[in-house]
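Protein chains in written order, with the working numbering: chain P, 1 to 115; chain V, 116 to 228.
Here a beta-carbon is modelled for each residue, glycine too, at the ideal position from N, C-alpha and C.
First the structure, in the form of structure tokens, and then the observations on it.
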């Protein structure tokens, strides 16, 4: 398994500003993902955070809006840029320590409210 | 790409009854099928999984079955308890370097005492 922490746990931000969310894992992991979860909805994959290279974004998500960094195998950040109320959501970091096994673990999430 | 359908969206049962949640997937190459439980305000947590070389797996009151031919898998919870109340998500994926899971829409299970 993996122990994942995220900072901040929640924030209230004004529209037009940016927020950077940090994800820290207690061990080196190959695969790290960022998800968005709207209230009462399923998990939507934003991007795969690649160590040492640009993130791989899913359809509907772009680097200018959601820049991602992954400087090493235990840490990643997701920035939500130029926020609007539609960005209000829970953002979750997730890791798969062993891609051949497939078990996936989630961080506690960051609850973002944009006013 | 993979498409995962999950039913029902809401399931209400009495304590002690059984609950069954069903998922179908589209990609026959998928070989890993986990189930996650998400309690209100908490993160999703892996509760059980099954791989394509196995037809059924049990862990105490929960079990998962897989029918590769029909491309569907199910979660079975027996002797439900109020603490089983949560949203349950199924997922399907191909393990390996290109691992990207596809999640179902979730089932809200309510267990009435």
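Beta carbon of residue i nearer than 9 Å to that of residue j
| i | j | result |
| --- | --- | --- |
| residue 74 of chain P | residue 68 of chain P | no |
| residue 1 of chain P | residue 23 of chain P | no |
| residue 21 of chain P | residue 33 of chain P | no |
| residue 91 of chain P | residue 37 of chain P | yes |
| residue 25 of chain P | residue 214 of chain V | no |
Segment limits, beta strand (DSSP E) that includes residue i
| i | result |
| --- | --- |
| residue 36 of chain P | 31-37 |
| residue 98 of chain V | As displayed, chain V neither begins before 116 nor continues past 228, which places residue 98 of chain V out of reach and without an answer. |
| residue 117 of chain V | Note, residue 117 of chain V: premise wrong, no beta strand (DSSP E); not H, not E. |
| residue 4 of chain P | 4-7 |
| residue 129 of chain V | 125-129 |
| residue 24 of chain P | 19-25 |
Per-residue burial, residue i [other beta carbons within 10 Å of its own, 16 or more giving buried]
| i | result |
| --- | --- |
| residue 207 of chain V | buried |
| residue 17 of chain P | exposed |
| residue 113 of chain P | exposed |
| residue 174 of chain V | exposed |
| residue 133 of chain V | exposed |
| residue 12 of chain P | exposed |
| residue 145 of chain V | buried |
| residue 109 of chain P | buried |
| residue 158 of chain P | Beyond the ends of chain P as shown, which are 1 and 115, falls residue 158 of chain P; an answer cannot be given. |
Rounded C-alpha distance that separates residue i from residue j
| i | j | result |
| --- | --- | --- |
| residue 94 of chain P | residue 72 of chain P | 15 Å |
| residue 126 of chain V | residue 194 of chain V | 15 Å |
| residue 169 of chain V | residue 161 of chain V | 18 Å |
| residue 3 of chain P | residue 105 of chain P | 8 Å |
| residue 172 of chain V | residue 163 of chain V | 8 Å |
CA nearest to the CA of residue i, picked from the options
| i | options | result |
| --- | --- | --- |
| residue 201 of chain V | V:139, V:218, V:156 | V:156 |
| residue 117 of chain V | V:172, V:135, V:139, V:128 | V:139 |
| residue 185 of chain V | V:128, V:124, V:137 | V:137 |
| residue 116 of chain P | P:104, P:80, P:55 | Past the boundaries of the shown model lies residue 116 of chain P; chain P is included only from 1 to 115, so the question cannot be answered. |
| residue 121 of chain V | V:189, V:152, V:158 | V:189 |
| residue 51 of chain P | P:36, P:28, P:40 | P:28 |
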